Amino acid sequence: MLGIDVVTIFPAMMQGPLSDGIVRRAVEAGLARIDVHDLRDFTDDRHRSVDDAPFGGGPGMVMKAEPFFRAREAVLPAGPGPRDAVVLLSPRGAPFAQSTAERYARLDRLVLLCGRYEGIDERVAEAVATEEVSLGDFVLTGGEVAALAVIEATVRLIPGALGDDGSAGADSFADGILDCPHYTRPAVVRGTGVPEPLLSGDHARIRRWRRKEALRATRERRPDLLHAAPLTPEDEVLLRELEHEDVSAHVAVKH
């Protein structure tokens, strides 16, 4: 079972999202355990202060290091082991990816540290966290929303968390490329129909169409992914078909 600990000054922000959907079902099934800790419980002054003015001056406040040290010691008294991760959610961190979620899903313990204000004392990154993770090149008010994203992306990959264990394998990024388009009933919506291969009943044709459309979406929207994706010989054939279609369409437009 994966144990997840979230350290935050706003524990109430975590309650709603964690009490519904796949995450709740995974917890109820004993596949994961999630505990939310109030960082203020690890302070020792009557105001329960978690921040102070930055050395050297400047705007904003900086979160103190000591409460994070104490929180980590409370949840991992012996320190992080090889199957534990203490993650500082930070815009300076490594990009969070599907492969990161897959790694976290195989851990015994995942501790997520949520910052606020102008930043966190650097000694937390150096001596408390084992790694820093970022959701992307943008800034959030705090780490709580990022923590929720990490939890959902991770928990859904734990075997048994999804109703259909094959669903995770069909996700975007599962094999390095984006997912294909999906359709459901009715077959025509406001004059727009479903691609004919999906209605053919030919499973080999459907599989090939889905793979080709997944490659098309990746090529058009995230071509950077194709450089690292483990492409098969069939994928190479489908990509050449897409290139030929582009050339043909360009010629048709010129005429």
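All letters in the sequence shown, in the order written, are residues 799 to 1053 by the numbering used here.
C-beta: ideal position from N, C-alpha, C; glycine also.
Everything numeric in this text was worked out from a predicted model, so none of it was measured.
- Here LEU946 has PRO815 as same chain residues with Cβ atoms under 6 Å from its own Cβ, once five neighbours each way along the sequence are excluded.
- At the C-beta level, VAL931 and PHE894 come within 9 Å of one another.
- Residue range 1001–1019 is occupied by the alpha helix (DSSP H) that includes ARG1005.
- In the DSSP annotation of this structure, GLY828 is not part of any alpha helix (DSSP H), being labelled neither H nor E.
- For ARG901 and ILE956, the gap between their C-alpha atoms comes out near 10 Å.
- Counting only runs that start and end inside the stretch 907–950, the beta strand (DSSP E) elements of at least 3 residues fall at 907–912, 929–932.
- Inclusion of ASP803 and ASP833 in the CB contact set at 9 Å is warranted, their separation being smaller than that value.
- Excluding sequence positions up to five before and after PRO979, its CB lies within less than 6 Å of the CB of GLU1011, all in the same chain and listed in chain order.
- Classified as buried, VAL948 has 16 or more neighbouring CB atoms from the shown chains inside 10 Å of its CB.
- For ILE802, the secondary structure class from DSSP, reduced to helix, strand or coil, is strand.
- Measuring C-alpha to C-alpha distances from GLY940 to each of LEU911, GLY961, LEU960 identifies LEU911 as the nearest.
- Closest in alpha carbon position to ILE918, among PHE936, VAL909, GLY858, is GLY858.
- Per DSSP, the continuous alpha helix (DSSP H) segment holding VAL873 begins and ends at 864–873.
- Annotation for ARG890: no alpha helix (DSSP H) segment contains it, though the beta strand (DSSP E) segment containing it runs 882–893.
- DSSP places PRO815 inside the alpha helix (DSSP H), whose first and last residues are 810–816.
- With respect to MET799, GLY828 sits close: the two C-beta atoms are nearer than 9 Å.
- Per DSSP, reduced to three states, the secondary structure at ASP842 is coil, with no helix or strand assignment.
- VAL1035 is the residue among VAL1035, PHE866, LEU886, SER817 whose C-alpha sits nearest the C-alpha of ARG1014.
- Comparing C-alpha distances from VAL825 to each of ALA959, ASP935, GLU924, LEU938 shows the shortest one belongs to ALA959.
- Pairing LEU1023 with ILE975 gives a Cβ-Cβ distance under 9 Å.
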